[in-house]
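**Student:** The structure under discussion is supplied below as structure tokens; questions concerning it will follow.
Numbering (our numbering), first residue to last: 16 to 294.
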């Protein structure tokens, strides 16, 4: 039926046009925060922009439009940092819903947004939300997940690990169940698509190792960490600063635990051994 087809095409065009408008608006928000300053922009965001974005994150909103809004939220959160803390209770439920959704791009954007919120707001503010966040992220590490989405899930967990490590007691210790998280995390390195997440992911592992490589949950994953270090160090896309960080961390580990670390390094391919030695 021609009228039906024309109506469907009109709906699609209208949806695309709205998506373009919302995308343009979302692109402006980080610029506003930067121009006005995060402190000055915070009340404007809370009273005007956040309610409009939350309205467009409701389940009945088309997937593409929700994905644009989630991406916009992540960019605003990068500017706003801890000023997003009061909004965590209203922001996290729709983001968690997107993490569990059917659209891979939306899952990817939501993983990045959650990571940015964790990084900016800190472990203490996010503590009560961590268990459900980890539960929602876990399927994103599965073999059927898109590489970019998995990489952003890695980035989110990395920011959670770093925030937990930086938190004053009692908020940091035990916040992340390392025994369960580290094996899955390490097996997903190096990144497959989004190399923007490589540095924060490897930094999280380096800081864990330097802080206490003998802690039981960390020590159990040291072989997997060294394997991930080797694979990352020889990858063509790794940044020189990230490779240098890996080399420095391995040198520090060898200085303290040479008898334990050297056999792990010796098990790596020759090119990986050379890269981690700084050759």
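By construction, the Cβ of each residue, glycine as well, lies at the ideal position given by its N, Cα and C atoms.
No experiment lies behind these values; they were computed from the predicted model shown.
Assess, as a yes-or-no matter, whether the region 66–78 is touched by the region 125–133 under the definition of 3 or more beta carbon pairs within less than 8 Å.
**Tutor:** Counting Cβ pairs under 8 Å, fewer than three are found: no touch.
**Student:** Can you tell me the Cα-Cα spacing of residue 112 and residue 196, whole angstroms?
**Tutor:** Roughly 21 Å separates the two Cα atoms.
**Student:** Residue 221: which of 232, 177, 250 sits nearest, CA to CA?
**Tutor:** Among 232, 177, 250, the Cα nearest to that of residue 221 is on 177.
**Student:** CA-CA distance, residue 263 and residue 99?
**Tutor:** Straight-line Cα distance between these residues: approximately 34 Å.
**Student:** Mind reading off the beta-carbon distance from residue 168 to residue 131? Whole number of angstroms is fine, and I expect it under 8 Å.
**Tutor:** With 8 Å as the limit, residue 168 and residue 131 do not qualify as a contact, their Cβ atoms being about 13 Å apart.
**Student:** With a CB to CB cut of under 8 Å and the five nearest residues on each side skipped, what residues in its chain are close to residue 281?
**Tutor:** Only 288 meet the Cβ criterion.
**Student:** What did DSSP end up calling residue 283 once you bin it into helix, strand or coil?
**Tutor:** Note: residue 283 maps to coil in three-state DSSP.
**Student:** With H, G and I counted as helix, E and B as strand and the rest as coil, what does DSSP make of residue 17?
**Tutor:** Confidence in residue 17 is poor, its pLDDT being 47 and thus under 50, which makes the residue's placement unreliable; the coordinate value appears in the next sentence. In the structure shown, residue 17 sits in a helix (DSSP, three-state: H, G or I).
**Student:** Would you mind stating whether residue 268 and residue 204 have Cβ atoms separated by less than 8 Å?
**Tutor:** No; because the gap between Cβ atoms is not below 8 Å, this pair is not in contact.
**Student:** Apply the 10 Å Cβ neighbour rule to residue 81 and answer buried if 16 or more other Cβ atoms are within range, or exposed otherwise.
**Tutor:** Residue 81 is buried by the Cβ-count criterion.
**Student:** Buried or exposed: residue 115, going by 16 or more other Cβ atoms within 10 Å of its Cβ?
**Tutor:** Flag for residue 115 reads exposed.
**Student:** Between residue 117 and residue 271, what straight-line distance do the alpha-carbon atoms span, to the nearest angstrom?
**Tutor:** Residue 117 and residue 271: Cα-Cα distance of roughly 47 Å.
**Student:** Mind reading off the beta-carbon distance from residue 296 to residue 244? Whole number of angstroms is fine, and I expect it under 8 Å.
**Tutor:** No statement about residue 296 is possible, as the shown extent of the chain runs from 16 to 294 and does not include it.
**Student:** Please state whether the Cβ-Cβ distance between residue 296 and residue 67 is less than 8 Å.
**Tutor:** Look at the range of the chain in this structure, 16 to 294, and you will see that residue 296 is not part of it.
**Student:** Taking one C-beta from the region 150–170 and one from the region 206–216 each time, how about it: are there three or more such pairs within less than 8 Å?
**Tutor:** They touch, by the three-pair rule.
**Student:** Let's test the definition: count the other Cβ atoms within 10 Å of the Cβ of residue 251 and tell me whether it reaches 16, buried, or not, exposed.
**Tutor:** Per the 10 Å Cβ criterion, exposed.
**Student:** On a Cα-Cα basis, can you pick out the residue from 261, 42, 109, 120 that is closest to residue 87?
**Tutor:** Measuring from the Cα of residue 87, the nearest candidate turns out to be 42.
**Student:** Give me the Cα-Cα distance between residue 155 and residue 290, rounded to the nearest whole angstrom.
**Tutor:** One C-alpha to the other measures close to 30 Å.
**Student:** Within a Cβ cutoff of 7 Å, which residues of the same chain sit near residue 120, ignoring the five residues on either side of it in sequence?
**Tutor:** For residue 120, where only same-chain residues beyond five positions count, the Cβ hits under 7 Å are 82.
**Student:** If we ignore side chains and look at the alpha-carbon of each, how far apart do residue 62 and residue 52 end up?
**Tutor:** Each residue's Cα considered, the two are about 16 Å apart.
**Student:** Could you check what DSSP says for residue 86 in three-state terms: helix, strand or coil?
**Tutor:** Reduced to three states, the DSSP call for residue 86 is helix.
**Student:** Could you give the uninterrupted runs of the alpha helix (DSSP H) lying entirely in the region 160–194, keeping only those of 4 residues or more?
**Tutor:** DSSP runs (the alpha helix (DSSP H)) wholly in the region 160–194: 162–181.
**Student:** Taking all protein chains shown into account, decide if residue 179 is buried (16 or more other Cβ within 10 angstroms of its Cβ) or exposed.
**Tutor:** Buried, because 16 or more other Cβ atoms sit within 10 Å of the Cβ of residue 179.
**Student:** Which two residues bound the contiguous alpha helix (DSSP H) that contains residue 208?
**Tutor:** From DSSP, residue 208 is part of no alpha helix (DSSP H); its letter is neither H nor E.
**Student:** Specify the secondary structure class of residue 158 as computed by DSSP and reduced to three states.
**Tutor:** Coil, per DSSP.
**Student:** Taking just the CA atoms, how far does residue 253 sit from residue 174?
**Tutor:** Cα to Cα, the separation comes out at about 19 Å.
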